[in-house]
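Read the structure below first, then the notes.
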Amino acid sequence: MSDAKVVVERTLTQDEFDRFARLSGDDNPIHVDPDFSARTKFGRTVAHGVFLYSILRGLADRLVPGGRQLSQQVRFPAPTFTGEPMRFEAVLESVEGGIATVAYRVSRVADGTVTCDGRTTLAPAEGV
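Here the sequence shown stands for residues 0 to 127, where the numbers follow numbering that gives the first Met the number 0.
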């Protein structure tokens, strides 16, 4: 195990949303069509939840290198928009019997609003 916490600040772009849509096949206009999204309750495009989780899962790998995911819980209490600085955090909460629990959070840098949170359990990498 390395550090007990990893924090990264990123500003997500529409290009990243579009590329994730192409890779995932999820081209819902709320993610990729600024004109459509402007007419929704959000007023602009929002990140794919799985895109956010992918970033967080990468942070967890820095805490538990090569860890095999056993479970995940994730929720999205608020939207994550393009162009806003965001803080991505992964915290190693515990390790019991070799199983690590990592808590996640994505929040807006400007006001601390949490847009994604949850936790995952990870087993050691095979062969370790």
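For every residue, glycine included, the Cβ atom is placed at its ideal position computed from N, Cα and C.
None of these values were measured; they are calculated from a predicted model.
Enumerate in chain order the residues of its own chain whose CB-to-CB distance from residue i is below 7 Å, with the five nearest sequence positions on each side excluded.
i, result
"serine 1", "With a pLDDT of only 46 at serine 1, under the threshold of 50, the placement of this residue in the model should not be trusted; the figure read from the coordinates follows. If we look at serine 1 and ignore the five residues flanking it on each side, its Cβ neighbours are Arg61, Leu62."
"threonine 100", "Glu92, Ser93, Arg118, Thr120"
Using a Cβ-Cβ cut-off of 8 Å (strictly less than) and excluding sequence neighbours within five positions of residue i, which residues of its own chain qualify?
i, result
"valine 45", "Ile29, His30, Ser36, Pro78, Thr79, Phe80"
"valine 108", "Glu8, Glu83, Pro84, Met85, Arg86"
Verify whether the separation of the beta carbon atoms of residue i and residue j is less than 7 Å.
i, j, result
"glutamine 72", "arginine 118", "yes"
"valine 5", "leucine 51", "no"
"phenylalanine 87", "isoleucine 54", "yes"
"alanine 122", "tyrosine 103", "no"
"proline 76", "glutamate 8", "no"
"histidine 47", "aspartate 26", "no"
Taking buried to mean at least 16 other C-beta atoms within 10 Å of its own C-beta, is residue i buried or exposed?
i, result
"arginine 56", "buried"
"leucine 91", "buried"
"leucine 22", "exposed"
"glycine 66", "buried"
"threonine 114", "buried"
"valine 105", "buried"
"alanine 124", "exposed"
"phenylalanine 16", "buried"
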